[in-house]
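**Q**
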Amino acid sequence: MAANIFFAVLPLLLPYACAQIDQNAAPCPIAFENTSSIGPDGPWWYIPLQVDFPDQRVKMLPTQSTMSIVINASACSTQGSSCPPPAEDLWMPFSEAWTSSNGPDQVGMEVGGVAWGIVMSTLLGLEGSGQYFTDRMTIWRGGDSSQLNYLDHQAMVVSNNYSVSYPGGASYTLDTGFFSLNGASNHASWTTANGSTATSNHTLPLAYENGFMPSKSYGMHIGSVHPNVTASLYLGGYDASRVLSQPVVANGTVFTLVDVGLNVTSGASAFTNLGSGHVRGLLSSNGSNVASLDVEVGSGVPYMYLPRSTCDAIAEYLPVQYDSDFDLYLWNTDDEAFEHIVTSPHYLKLTFASIDQTLQAINVPFALLNLTLDTPLVSMQTPYFPCRPVDDLGPSAHLGRAFLQAAFLAQNAQTNTMFLAQAPGPEFLEENVKTIDSDATTLAPATNPPSWESTWSATLRGLSSSSSDNSGNGSGSISSQGGSGHKSGGGGLSGGAIAGIVVGAVVALALVALLILWFVRRRKKSWAASQQSEQEEYKNVYAQYGSPGATTAPPQYAPIPGGELATEPVRQIHEADATLSAPAEMDVRQDPTELSAEESHGQAK
């Protein structure tokens, strides 16, 4: 029996012991894919990873939670499940290697969504159950199947039926796992189903201890599927081409948000009631402006979770409508301002304060904030703006994947430091990988980085003033005063403005008069043309027989006594004599006489 177990476990041990690659503490690249849609609220790039032995391919999203999550294949096959299609790349438990290495004995008791963290489970509305377990995870460096990093005895949670729920009753079953980037603790312990205690390794610390990376850190830009901005993730390092600004630094995991605003980099503005200017001061809580707000930043949740009054203040300038069933703002796609805003350089501006009190803005173009709700949440694809209101007594504000499409995020667990910076659009510099040292508290941005605007200039084009006028917008710069929606402005109309209005009214009246005159004349011409067309149409009935003199002519029939028509056309047709008689005048030499009464009466008879 012992020999059988040894040979069953041997395939797990030999690659780990004999075929490990000497990484020389180089940053470990993690490949992303987007070959199929991930998430009914995205779409999102995902990480393909391998679990168990032989390898089982699974799809994962990066998260800052302490535990990685895989999806049990049964989660999408049981009655009542509602996995987004296609339900693929799910973990099939009870492989021979996992069973022989006592994997089932280390499976924990069933736990709710809180096992993934109370904040995350609350933000997602996570319901259902899962279990702690341990298994092998294999990382293909840069997606290369020949460059393998084995993470044995990996502590994870298996989702048996976790689902994400919404206030209106809609929900979907998780079909995509999560790859933990948390390096705060090395091990996890839990009580197994048989009552014993199991202890296993967290992902990032295990990779560091195995020498796969130079520090317990990562640098990430999750990018965007539409528009296409490729994702980037390095364990123990980062790609400096994704860092356009000096990173904001935070101790721990909380950043300080000091302002929220809207702006346009070039061209006219299509913001509702805002015109070509900008607005700032939209950061508020409980209906009142606030000087700052503590926010966490992480890729494990999809939306920007901000105070309700902040979301409402932003939405005031957008063609959106709040939907209580999803607790989100749906885009009004029938409003032409929608198309203008998401295809031109309109952006949401969030300003953060670093630990040294320096300020740094991160711009998120609305092209990235046009995301899609999909089946099984809705019957047809529904564009939405990903601001999710959070109550003052609920979870803390959180900026998730929607925000991180435009931002670079890094973390060094060994110095308890987090970094946040502006990420580029589709046009960025060549990759430049840098190491995050174990004692690093600062990160360097790209050398001579391009402006953020230039990385979007080929994708987002400024609007002409006529496009903005068609959206019914004014112009000017606005600063929000509180969450009530009132805006500061001038103290009334000047004399020049009044004169301009009068002149404009006169010109408008003249144009209306000319338009009416043109319309009447056009109607008359149209009537005459229709009469001529009717006459031509009547003549054209005979045109099918050819023009005068042609060999083809309409058949003619001779009358027959009795009123019947001949059944054969007349064989000979004679042309009328063209010689005309000379006109003769009546003789008027006799004077006209009146008839007598008798004669008249007799003729009448």
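Read in order, the letters of the sequence shown are residues -19 to -1, 1 to 586 in mature numbering (1 follows the signal peptide of the UniProt record, and there is no 0).
No residue lacks a Cβ here, since even glycine has one placed at the ideal position from N, Cα and C.
Return the CA-CA distance between G93 and F389, expressed in angstroms with no decimal places.
**A** Cα-Cα distance, rounded: 31 Å.
**Q** Confirm, please, whether the CB-CB distance from Y153 to L358 is below 8 Å.
**A** Yes, Cβ-Cβ distance for L358 and Y153 is below 8 Å.
**Q** With a threshold of 8 Å on Cβ separation, who are the neighbours of L340 within its own chain once the five nearest residues in sequence on each side are excluded?
**A** Counting only Cβ-Cβ distances below 8 Å, and skipping sequence neighbours, we find V239, T332, F333 and A334.
**Q** Starting from W121, follow its DSSP beta bridges and name the residues at the other end.
**A** For W121, which the question treats as bridged, DSSP gives the partners L129.
**Q** So what does DSSP say about F307, is it helix, strand or coil?
**A** F307: coil per DSSP, three-state reduction.
**Q** Going by DSSP, name the residue or residues bridged to K415.
**A** Per DSSP, Y219.
**Q** For P300 versus H327, is the C-beta spacing smaller than 8 Å?
**A** Contact flag unset, no.
**Q** G258 and S250 - do their beta-carbons sit closer together than 8 Å?
**A** Yes, Cβ-Cβ distance for S250 and G258 is below 8 Å.
**Q** Give me the Cα-Cα distance between L263 and D372, rounded to the nearest whole angstrom.
**A** The straight-line gap from Cα to Cα measures roughly 17 Å.
**Q** Quick check on the burial criterion: 16 or more other C-beta atoms within 10 angstroms. Buried or exposed for G200?
**A** Classification of G200: buried, given that the 10 Å Cβ count is 16 or more.
**Q** For M399 versus T234, is the C-beta distance shorter than 8 Å?
**A** Cβ atoms of M399 and T234: closer than 8 Å.
**Q** Can you give the Cα-Cα distance for P407 and P208, rounded to whole angstroms?
**A** Those two C-alpha atoms are separated by around 8 Å.
**Q** Going by Cα to Cα distance, which pick from L380, N429, E411 and P376 is closest to P367?
**A** Of the candidates L380, N429, E411 and P376, the one whose C-alpha sits nearest the C-alpha of P367 is L380.
**Q** From this set, L225, F34, M90 and L187, which residue's C-alpha is nearest I343's C-alpha?
**A** It is L225.
**Q** So, helix, strand or coil for M101, using DSSP?
**A** M101 falls in the helix class under three-state DSSP.
**Q** So, using beta-carbon positions, are residue 612 and A378 closer together than 8 Å?
**A** In the structure as shown, the chain starts at -19 and stops at 586, and residue 612 therefore has no counterpart that could be examined.
**Q** Taking buried to mean at least 16 other C-beta atoms within 10 Å of its own C-beta, is R382 buried or exposed?
**A** Buried.
**Q** With respect to the alpha helix (DSSP H) encompassing P186, which residues constitute its N-terminal and C-terminal limits?
**A** T184 to E190 is the span of the alpha helix (DSSP H), which, as asked, contains P186.
**Q** Report the residue from A96, L255, P376 and A231 whose alpha carbon sits nearest the alpha carbon of G242.
**A** When each option's Cα is compared against that of G242, the closest is L255.
**Q** Is it right to say H321 is buried, meaning 16 or more other beta carbons lie within 10 angstroms of its own, or is it exposed?
**A** Looking at its Cβ environment, which holds 16 or more other Cβ atoms inside 10 Å, H321 is buried.
**Q** Note down the Cα distance separating G279 from P85, rounded to an integer number of angstroms.
**A** Their backbone Cα atoms lie some 32 Å apart in a straight line.
**Q** Cβ of A404 within 8 Å of Cβ of A421?
**A** Not closer than 8 Å, so no.
**Q** For F114, which option in N53, G150, S196 and G98 has the closest C-alpha, if you only look at C-alpha atoms?
**A** Checking every option, the nearest Cα to that of F114 belongs to N53.
**Q** Give every residue of the same chain whose Cβ lies closer than 6 Å to the Cβ of H134, excluding the five residues on either side of it in the sequence, and list them in chain order.
**A** Closer than 6 Å at Cβ, skipping near neighbours: T115, S181 and N182.
**Q** Whole angstroms are fine: how far does the CA of N393 sit from the CA of G218?
**A** Roughly 10 Å separates the two Cα atoms.
**Q** For the beta strand (DSSP E) containing L378, name the first residue and the last one.
**A** Just to set this straight, residue 378 is Ala in the shown sequence, not Leu. Where A378 is concerned, the enclosing beta strand (DSSP E) stretches over A378 to L380.
**Q** For V51, is the classification buried or exposed, using 16 other Cβ atoms within 10 angstroms of its Cβ as the cut-off for buried?
**A** By the 10 Å Cβ count, V51 comes out buried.
**Q** Spatial neighbours of L141 within its chain, please: C-beta separation below 8 Å, excluding the five flanking residues on both sides.
**A** One detail in the question is off: residue 141 reads as Asn in this sequence, not Leu. Within the same chain, N141 has close Cβ partners N53, S55, A56, E91, G109, S110, G111 and Q112.
**Q** For E297, count the other beta carbons within 10 Å of its own beta carbon; 16 or more makes it buried, fewer makes it exposed. Which is it?
**A** Counting Cβ neighbours within 10 Å, E297 comes out buried, since at least 16 surround it.
**Q** May I ask which residues mark the beginning and end of the alpha helix (DSSP H) holding R38?
**A** Premise fails: R38 lies in the beta strand (DSSP E), Q37 to T44, not in any alpha helix (DSSP H).
**Q** So what does DSSP say about S335, is it helix, strand or coil?
**A** In this structure, S335 counts as coil in the three-state DSSP scheme.
**Q** Determine the DSSP secondary structure at H321, reduced to helix, strand or coil.
**A** Correct three-state label for H321: helix.
**Q** Which partner residues of N393 appear in the DSSP bridge assignment?
**A** DSSP output for N393 lists S198 and T398 as bridge partner(s).
**Q** Mind checking which residues open and close the alpha helix (DSSP H) that includes D293?
**A** R289 to A296 is the span of the alpha helix (DSSP H), which, as asked, contains D293.
**Q** Can you check which of these residues, T44, Y189 and V230, is closest to V100 by C-alpha distance?
**A** It is T44.
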